[in-house]
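These notes concern the structure reproduced below.
Laid out in structure tokens, this is it:
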């Protein structure tokens, strides 16, 4: 069982990197990818835990980006696997994104604080040192304050785009992000590209553009994809000679996603391993 998309407390998951690996091992996962948002800070702890529980570890990150088409743009996420975490170009982009996520969260908390009992200290109480801060932590603070019942309610109401509390954040152009991951020796895979319930999805032409820039694969099997979306994405992957992955997008208690609910074939993992600058820890 190979699960190539999970999150820890280094970003918006609720399990520490060590606990994340333990949960995966106890669920029967044989190879796990840790892919926190715009950070690799959880890698050392996850690697130590992977050795202790004797499961494979793919070190990665989920990179925020913007795909631009004529007249509009949409946020997309790239799963970067086995890249050099010190590569200056990619590191500069992820640091800029994390910094802007923090200032964006401050602005959103200030707006929410005008109407609800929430402060910046309340948000910080939901994070660890070095956490990539995002809307899920604002949601957790709202839950703790008794404003909403869970993250889902927060995202369905006050934290969604279009409300007076929502603030955007910086993210690099998606083509440039793919190129930066490749320059860092990484293997870029488009995360949940057909998840239209999250908002507008990119057209086929954008996936073609990303493939031309070096995209390696599409995350096809994902909870947020309908059967029709999965068929469409498999067809696109076949036509563009892209890898097909499946993953849980596990966040611990932060989402309903279950570890290992979607998985990746062993031959796809080996293809990723062959392309990456780092080895899969086994």
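Numbering (full-length UniProt numbering), first residue to last: 1 to 282.
Don't be surprised by glycine CBs; every beta carbon is placed ideally from N, CA and C.
Item: The region 69-83 contacting the region 147-157, beta-carbon criterion three pairs below 8 Å; Value: no
Item: Which listed residue (8, 184, 90, 201) has its alpha carbon closest to that of residue 278; Value: 184
Item: Other residues of its chain near residue 131: CB distance less than 7 Å, five sequence neighbours each side excluded; Value: 9, 10, 11
Item: Contact check, residue 252 vs residue 13, beta carbons under 8 Å; Value: yes
Item: Exposed unless 16 or more other CB atoms sit within 10 angstroms - verdict on residue 188; Value: buried
Item: N- and C-terminal bounds of the beta strand (DSSP E) containing residue 246; Value: 243-246
Item: Environment of residue 15 [buried if 16+ CB atoms lie within 10 Å]; Value: buried
Item: Length of the line joining the Cα atoms of residue 206 and residue 212; Value: 10 Å
Item: Nearest candidate by alpha-carbon position, reference residue 120, set 108, 170, 129; Value: 108
Item: Contact between the region 170-181 and the region 212-230 (3+ Cβ pairs under 8 Å); Value: yes
Item: Alpha carbon of residue 88 to alpha carbon of residue 264, nearest angstrom; Value: 30 Å
Item: Extent of the continuous beta strand (DSSP E) to which residue 65 belongs; Value: 56-69
Item: Identity of the residue in 165, 133, 115 nearest residue 145 by Cα; Value: 115
Item: 7 Å CB neighbourhood of residue 175 in its chain, flanking five on each side removed; Value: 209, 210, 213
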